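Okay, structure first, notes after.
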Amino acid sequence: MSSENKEQHDLSPSDLPEETYSLPSGVPLEAQTGTSTDFRQLKTNDRCRPYCRIYMEPHEKRDINIKQFVIRKLQKSCQCSPARVKNRIFDFLPVLRWLPKYDLKKNILGDMMSGLIVGILLVPQSIAYSLLAGQEPIYGLYTSFFASIIYFLFGTSRHISVGIFGILCLMIGEVVDRELHKAFPNPVATSSPSAVISNGSMVVNHTVDGFCDKSCYAIKIGSTVTFMAGVYQVAMGFFQVGFVSVYLSDALLSGFVTGASFTILTSQAKYLLGLRLPRSNGVGSVITTWIHIFRNIHKTNVCDLITSLLCLLVLLPTKELNEHFKSKLKAPIPTELIVVVAATLASHFGKLNENYNSSVAGQIPTGFMPPKAPDWSLIPNVAVDAIAISIIGFAITVSLSEMFAKKHGYTVKANQEMYAIGFCNIIPSFFHCITTSAALAKTLVKESTGCQTQLSAIVTALVLLLVLLVIAPLFYSLQKCVLGVITIVNLRGALLKFRELPKMWRLSRMDTLIWFVTMLSSALLSTEIGLLVGVCFSMFCVILRTQKPKFSLLGLEEESEIFESISEYKNLQTQSGIKVFRFIAPLYYINKECFKSALYKKTLNPVLTKAAWKKAAKRKLKEETVTFSGIPDDVSMHLSHDPLELHTIVIDCSAIQFLDTAGIHTLKEVRRDYEAIGIQVLLAQCNSSVRDSLTRGEYCKKEEESLLFYSVSEAVAFAVDSQKQKGVCVLNGLSLSGD
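For the sequence shown, numbering that gives the first Met the number 0 begins at 0 and goes up steadily by one.
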């Protein structure tokens, strides 16, 4: 930079003229079409005057004393006052805030209606999902009952329905089946009335009266997994690490649910056919299960098959009708309950179990079992499995609560939602329950039937309580194939996601690819591995987007100071001798080479230009047989060469979120390479993070701070002024407007 230029830009703001200048007049521009236009005419003197810069003085950063900072935080958190205690209690139990203000006349009818309908729907679903989790039907009813009450106390959403959820039941069922196989390695032992508890290498028999049979051990496993999942969720709420859910995008969750739905459908297919097959576990369990089904297809129970077909013929059309007329129906038709009652009566009076060996639900006891702590010895076996279950549970709950809160114009606290769903798992785990979360289908029903507050959850709990105390034994003759049909029909929403794939593909091909990878891995491998593969693949896609980002040359929109891509928009003006380059990604070690190659491609390659100069110099030396002392590099610099039309490159940094060490070194290298061939590099629109990184990386010397600009138009005007001050004529020959 010339001394004159440096002197002018070292002026303080008070020394500058009052007017703000844009690009100087009389400088020709070349549009993409090749026609020349002029920038806006400005009142300027004949001599070049400095362009008015914006100078901002940053706040001085105070040195943080870690010890004093920690002490202040502890003092603040340990302060106690009646108001502070009251707020803490009300935050922990949100029901204390809204229940005293409950509008009885306005809300009671909608809450009672929605609570009653959701309770009726939950009865058959709770029984059906219990089989999915490898449990007796009573435990599904317990789970939905306790979850409804606890979320009523701790939740902040007014609309979501928390209870038993199919995907989580499937994940628990896989853990239960694995641990049961360890405890009951001998199939003969499982049919005996004695029970087996595995304690490492020791197997202990217990009688049913005093200790635990196979069913009891299954719920021990399920409640221990539930307890650990709840502990993880409360810990995440306490340490405020809910950011983990950001790695579960909508496409990933949708693909995971769809893939898990195939696993659920596969696990229930044997009930529809009346086959008694062992549950397959591990990688490829879906394929293994279907192989077992087709190998044993000749053993199909005709009675169960006919019942399954009849239930499907009833449930599928009514589900479609409920969906089609949901805006006109005050409440959905409780077809599932009707089918359960009709099938139970037909099975009881037709004696299908005795006459056709049809598999039935069996004895469902009334009342509640005494509370019992989870099996602490099982925690090392299930601790890792509970991590995925806890993340899926709170991610679905938080996303649904925020979605419906936004729809109805109120706010929810994501941190409190994690506490709520955590306690919905920890407390019920002492009452023989399995993991719960919010469920979209039941939440939609709850909202559409007039729900106003979580008081509807108490009505749902009362319906379940009535079933638990009185009605449960009446489901003794209910065929398991009916429960399997109910489970499969409820997968309809997840399986219909395939309809949305064309729209998803048009919106985002990357999201569609994430959906497919997560869906296939969840279905063909396992639910836990599928979730892990989906998270890893989505993170890889994010990295891939930054590794191969978009970039373009920019032009000026006529009669404005807006610069946009000349490859995307027409009639943009470009300044001769100046190119504006935009890179849309953070500049770090992964994409530094992409940045350099893109910049060289869009402007010119300084390395190749310098090499061409050296080659021309050597050729000229050979032709003229002139001898110079010194190395060829020095020789080439002393020889005259044609001046480049390009004299300035402006890098628009507005889309560069951050720089790392490699990014700073890359900018330094680019600037050094271009300056070696007489081209100056200017940076514009750097955010504070990028400016701090450049300062720490010593990109600019103190006297060169004028090379950083707050806007692209300011950088372009500076380039034009500096060229005028140097006495460089602006060339009009070669067009530089091509992208």
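In this text, a Cβ means the ideal position worked out from N, Cα and C, and glycines have one as well.
As the structure is a prediction and not an experimental result, all values here were calculated from the model.
If you draw a straight line from the alpha carbon of residue i to that of residue j, how long is it in whole angstroms?
| i | j | result |
| --- | --- | --- |
| Ile-286 | Thr-517 | 17 Å |
| Tyr-150 | Leu-454 | 10 Å |
| Gly-273 | Thr-299 | 6 Å |
| Asn-590 | His-297 | 59 Å |
| Lys-600 | Arg-508 | 27 Å |
| Leu-643 | Thr-608 | 10 Å |
| Pro-333 | Leu-519 | 33 Å |
| Glu-556 | Gly-408 | 40 Å |
| Pro-23 | Ala-716 | Any reading at Pro-23 needs caution, since the residue's pLDDT is 38, under 50, leaving its predicted position unreliable; the model's value is listed next. Taking the straight line joining both Cα atoms gives about 7 Å. |
| Val-689 | Leu-552 | 21 Å |
| Asp-110 | Val-541 | 43 Å |
| His-323 | Glu-446 | 17 Å |
| Val-122 | Gly-492 | 20 Å |
| Ile-65 | Ser-687 | 24 Å |
| Ser-639 | Phe-536 | For Ser-639, the predicted structure reports a pLDDT of 48, less than 50, and the residue's modelled location is therefore unreliable. A value from the coordinates is still provided. Rounded to the nearest angstrom, the two C-alpha atoms are 54 Å apart. |
| Ser-721 | Cys-685 | 21 Å |
| Trp-375 | Thr-435 | 20 Å |
| Phe-741 | Ser-143 | The question about residue 741 has no answer here: the residues shown for the chain are numbered 0 through 738. |
| His-532 | Cys-79 | According to the sequence shown, residue 532 is Val rather than His. Computed Cα separation, rounded: 47 Å. |
Our contact map puts residue i next to residue j with C-beta atoms below 8 Å; I'd like the distance itself, whole angstroms only.
| i | j | result |
| --- | --- | --- |
| Ile-420 | Gln-546 | Not really, about 37 Å apart at Cβ, beyond 8 Å. |
| Gly-258 | Gly-529 | 5 Å |
| Leu-140 | Ser-160 | No, Leu-140 and Ser-160 are not in contact; Cβ-Cβ is about 15 Å, not under 8 Å. |
| Phe-515 | Gly-254 | 7 Å |
| Lys-325 | Pro-331 | 7 Å |
| Tyr-216 | Cys-168 | Their Cβ separation, rounded to whole angstroms, is 18 Å, which puts Tyr-216 and Cys-168 out of contact at 8 Å. |
| Cys-310 | Val-338 | 6 Å |
Just verifying my parser: in three-state terms, what is the DSSP assignment at residue i?
| i | result |
| --- | --- |
| Phe-255 | helix |
| Phe-539 | helix |
| Arg-177 | helix |
| Leu-586 | strand |
| Val-534 | helix |
| Glu-563 | strand |
| Leu-392 | A small correction: the amino acid at residue 392 is Gly; Leu does not occupy that position in the sequence shown. It is helical. |
| Ile-292 | helix |
| Val-161 | strand |
| Phe-183 | coil |
| Tyr-684 | Checking the sequence shown, residue 684 turns out to be Gln, not Tyr. Looking at Gln-684 - three-state DSSP - the assignment turns out to be coil, as it is neither helix nor strand. |
| Ala-437 | strand |
| Asp-651 | strand |
| Ser-712 | helix |
| Phe-429 | helix |
| Val-579 | strand |
| Leu-739 | Residue numbering for the chain in the displayed model covers 0 to 738; residue 739 lies beyond these limits and cannot be assessed. |
| Gly-449 | coil |
| Lys-619 | helix |
| Gln-724 | helix |
| Gly-421 | helix |
| Gly-118 | helix |
| Ser-551 | strand |
| Leu-98 | coil |
Return the residue from the list the options that minimises the CA-CA distance to residue i.
| i | options | result |
| --- | --- | --- |
| Thr-660 | Trp-514, Ser-687, Leu-681 and Ser-692 | Ser-692 |
| Pro-585 | Arg-544, Glu-622 and Glu-416 | Arg-544 |
| Glu-713 | His-158, Arg-695, Glu-560 and Glu-353 | Glu-560 |
| Asp-672 | Ser-248, Thr-694, Leu-603 and Val-719 | Leu-603 |
| Pro-373 | Gly-392, Thr-225 and Cys-302 | Thr-225 |
| Ile-487 | Leu-131, Ile-148 and Arg-505 | Leu-131 |
| Thr-459 | Ala-471, Lys-441 and Tyr-475 | Lys-441 |
| Glu-668 | Ile-655, Phe-708, Val-606 and Cys-652 | Val-606 |
| Val-444 | Gly-118, Thr-288, Phe-91 and Trp-289 | Gly-118 |
| Phe-594 | Trp-612, Cys-652 and Ser-564 | Cys-652 |
| Leu-473 | Val-383, Thr-343, Val-462 and Phe-367 | Thr-343 |
| Leu-468 | Lys-412, Phe-657, Gln-78 and Ile-137 | Ile-137 |
| Val-579 | Val-338, Phe-562, Ile-292 and Phe-153 | Phe-562 |
| Met-170 | Ser-358, Phe-261 and Ala-345 | Phe-261 |
| Met-417 | Cys-432, Ser-357 and Glu-401 | Glu-401 |
| Cys-423 | Glu-319, Leu-152, Leu-336 and Ala-82 | Leu-152 |
Quick one: is the Cβ of residue i within less than 7 Å of any heavy atom of the ligand SAH?
| i | result |
| --- | --- |
| Glu-416 | For the structure depicted, the ligand SAH is absent and the ligand set is empty, with no information on it obtainable. |
Within the 8 Å Cβ cut-off, does residue i reach chain D?
| i | result |
| --- | --- |
| Val-381 | This model lacks chain D altogether; it includes just one protein chain. |
For this session: Decide yes or no for the touch test of the segment 85 to 105 against the segment 424 to 434: beta carbon pairs closer than 8 Å, at least 3 of them.
Result: The segment 85 to 105 is not in contact with the segment 424 to 434.
Problem set entry | At least 3 beta-carbon pairs within less than 8 Å: the segment 172 to 183 vs the segment 219 to 227 | Contact annotation: the segment 172 to 183 touches the segment 219 to 227, with at least three C-beta pairs closer than 8 Å.
For this session: Examine the Cβ distances between the segment 396 to 410 and the segment 178 to 185 and report whether three or more of them are shorter than 8 Å.
Result: The segment 396 to 410 is not in contact with the segment 178 to 185.
Exercise. Taking contact to mean at least 3 C-beta pairs separated by less than 8 Å, is the segment 667 to 679 in contact with the segment 647 to 658?
Worked result: Three or more beta-carbon pairs separated by less than 8 Å link the segment 667 to 679 to the segment 647 to 658, which places the two stretches in contact.
Exercise. Given 8 Å as the limit, is there contact between the segment 604 to 619 and the segment 569 to 583, that is, 3 or more CB pairs closer than that?
Worked result: The segment 604 to 619 vs the segment 569 to 583: no contact.
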